[in-house]
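These notes are about the structure you will find just below.
This is how it looks when you write it as structure tokens:
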């Protein structure tokens with residue numbers, strides 16, 4: 295299918311690619327374009343910004359979770375008149391020294407033109423060496439252009455000439471927009487709901503991008519992307535695979551509020567394809583689980599920031615504990631897993647899982663993993679596996695032992711996850727389209743659940 299698209303990559307983390315990407319998306323939207331955003335890698339927060347602030351749909355393109363064909367299917371299945379993908383880390387950074395599962399992997403699989411963001415603060419002619427190095431590091435780098443970050447209008451004229459000598463087109467320079475700065479915390483950007491005047495900040499970024507970047511040229515570059523030849527979109531394919539589910543419209547309670555906001559949209563689509571009907575609720579504000587649900591999904595987020603408020607909502611805590619203990623099929627990952635403990639930073643929680651969660655001074659487990667079942671459980675039988683990732687500073691004194699996690703290198707592994715006939719609860723975040731059978735088995739178990 296014909297799909298105009300761009301990928302905004304960076305030389306390294308912190309070079310400004312997120313700011314440039316958000317500014318461009320806003321500028322494109324201000325032109326009235328029908329736009330869809332994508333984020334390379336397992337990140338939750340940037341897509342939240344795209345959806346909540348810019349008001350455009352956003353999905354993940356993760357080359358560890360997905361095969362190249364699946365990446366194309368995700369892109370083509372959600373593409374609009376224009377698709378803009380934001381990279382992760384440096385362009386070639388990924389797993390191991392070869393950089394597997396990198397932003398480059400996504401660009402290569404989807405044949406998407408790449409614009410490289412180069413922070414030139416404290417730099418001049420050396421920018422040419424960086425551009426040449428990135429362009430030539432892989433023969434099929436896909437790098438067609440560059441956006442400079444932090445260059446003055448006077449300096450940009452020379453930088454543009456330097457870029458053109460290296461065979462790439464310069465599409466402008468993004469200056470610092472002080473009134474649009476966005477902070478960060480231990481898991482990345484602060485979430486959209488936490489920032490006052492966010493719409494005004496993003497509007498300022500979009501206006502500056504329209505002023506300083508070559509929007510027409512970027513649209514021309516996006517239109518030059520070759521036609522995508524893909525199989526059926528991933529969501530439709532997974533629906534075909536799971537159509538044997540005994541029933542459709544199975545009500546599933548899904549937590550979504552400030553404390554529980556790390557949710558892949560593709561997970562919701564996979565659950566719906568498996569037969570579920572989402573019923574949204576807030577553990578912060580609602581007093582009990584929605585009536586009549588036959589399954590529960592507690593996603594990740596920042597429950598530690600709202601531990602006192604969550605603890606004070608004792609009716610909801612009791613409702614969740616009673617439901618989980620009664621055998622309600624429950625999927626809880628990372629923050630949702632922490633919520634099920636007896637305590638979080640000393641605050642009473644649901645108590646469906648023994649033990650407590652507590653903050654540490656460093657990342658406990660970080661990055662991609664594959665988890666394999668050591669016993670039959672809600673999602674799969676012994677030996678069933680799915681690719682996942684972890685990223686958390688908090689630890690549990692009872693992390694579970696129903697699955698074995700292994701790093702891609704095979705050099706490190708650990709036991710994790712409380713797993714049983716009606717439960718998956720652990721730190722690993724799952725991307726359900728990576729193994730649709732997990733969603734199907736979840737739906738089958740939910741369809742059989744009888745609270746009476």
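Residue numbers (this note's numbering): 295 to 746. Ideal Cβ placement from N, Cα and C applies to all residues, glycine included. Predicted, not measured: the structure shown is a model, and the values here were computed from it.
_Using C-beta distances below 6 angstroms, list every residue in its chain close to residue 395, excluding the 5 sequence neighbours before and after it, in chain order._
357, 358, 388 and 389
*Could you pull the start and end residues of the beta strand (DSSP E) that residue 468 belongs to?*
463-468
*Within its chain, find whatever has a CB closer than 7 angstroms to the CB of residue 605; leave out the 5 residues flanking it on each side and keep chain order.*
641, 642 and 643
*asked:* Per DSSP, what are the beta-bridge partners of residue 695 in this structure?
replied: BP columns for residue 695 are empty, so no partner.
*Helix, strand or coil: which one does DSSP assign to residue 350?*
coil
*Roughly how many whole angstroms lie between the Cα atoms of residue 645 and residue 633?*
8 angstroms
_Residue environment, residue 688, which counts as buried when at least 16 other CB atoms sit within 10 Å_ = buried
_residue 575 versus residue 409: straight-line alpha-carbon distance, rounded_ = 40 angstroms
*What residues match up with residue 679 in a beta bridge as DSSP calls it?*
666
*Give me whichever residues DSSP pairs with residue 642 in a beta bridge.*
637
*Is the beta carbon of residue 678 sitting closer than 9 angstroms to the one on residue 664?*
no
*In three-state DSSP terms, what is residue 534?*
Confidence in residue 534 is poor, its pLDDT being 39 and thus under 50, which makes the residue's placement too unreliable to answer from.
*asked:* What does the alpha-carbon distance come out to for the pair residue 743 and residue 621?
replied: 8 angstroms
*Under the three-state DSSP convention, the category residue 302 falls into*: strand
*Could you give the C-beta distance for residue 376 and residue 404, rounded to a whole number, given that I count them as a contact under 8 angstroms?*
Not quite, the Cβ-Cβ distance comes to about 14 angstroms (not below 8 angstroms), so this is no contact.
_Segment contact, 8 angstroms Cβ cut-off, at least three pairs: the stretch 599-619 with the stretch 564-573_ = no
*At a cut of 8 angstroms, does the stretch 550-559 reach the stretch 584-593 through at least three beta carbon pairs?*
yes
*Whether residue 425 touches residue 380 by CB criterion (9 angstroms)*: no
*Could you say if the stretch 444-454 and the stretch 339-351 meet the contact criterion of at least three C-beta pairs nearer than 8 angstroms?*
no
*beta strand (DSSP E) segments (min. 3 residues) lying fully within the stretch 391-417*: 408-413
_Span separating the alpha-carbon of residue 713 from that of residue 671_ = 6 angstroms
_Coil, strand or helix - residue 373 by DSSP_ = coil
*Sheet register partners of residue 690 (DSSP bridge)*: 651
*asked:* With a threshold of 6 angstroms on Cβ separation, who are the neighbours of residue 310 within its own chain once the five nearest residues in sequence on each side are excluded?
replied: 411, 413 and 443
*Does DSSP put residue 623 in a helix, a strand or coil?*
coil
_Simplified DSSP state of residue 561, which is helix, strand or coil_ = helix
*Could you tell me the distance, in whole angstroms, from the CA atom of residue 616 to the CA atom of residue 715?*
16 angstroms
*Going by alpha carbons, who is nearest to residue 400 out of 391, 378, 418 and 583?*
378
*My guess is that residue 466 and residue 510 are in contact by the Cβ rule of under 8 angstroms, so how many angstroms apart are they, rounded?*
That pair is no contact at about 11 angstroms.
*Delimiting residues of the alpha helix (DSSP H) encompassing residue 718*: Run containing residue 718: none in the alpha helix (DSSP H); it sits in the beta strand (DSSP E), 717-720.
_To the nearest angstrom, how far is the alpha carbon of residue 698 from that of residue 561?_
22 angstroms
*Beta-carbon separation of residue 733 and residue 565 under 9 angstroms?*
yes
_Counterpart residues of residue 499 in DSSP-defined beta bridges_ = According to DSSP, which records beta bridges pairwise, residue 499 is partnered with nothing at all.
*Those residues which DSSP pairs with residue 661 across a bridge*: 684
*Could you say which of 738, 692 and 518 lies nearest to residue 439 if we only look at CA atoms?*
518
*Leaving out five residues on either side along the sequence, give the residues of the same chain with a beta carbon under 6 angstroms from the beta carbon of residue 584.*
547, 573 and 575
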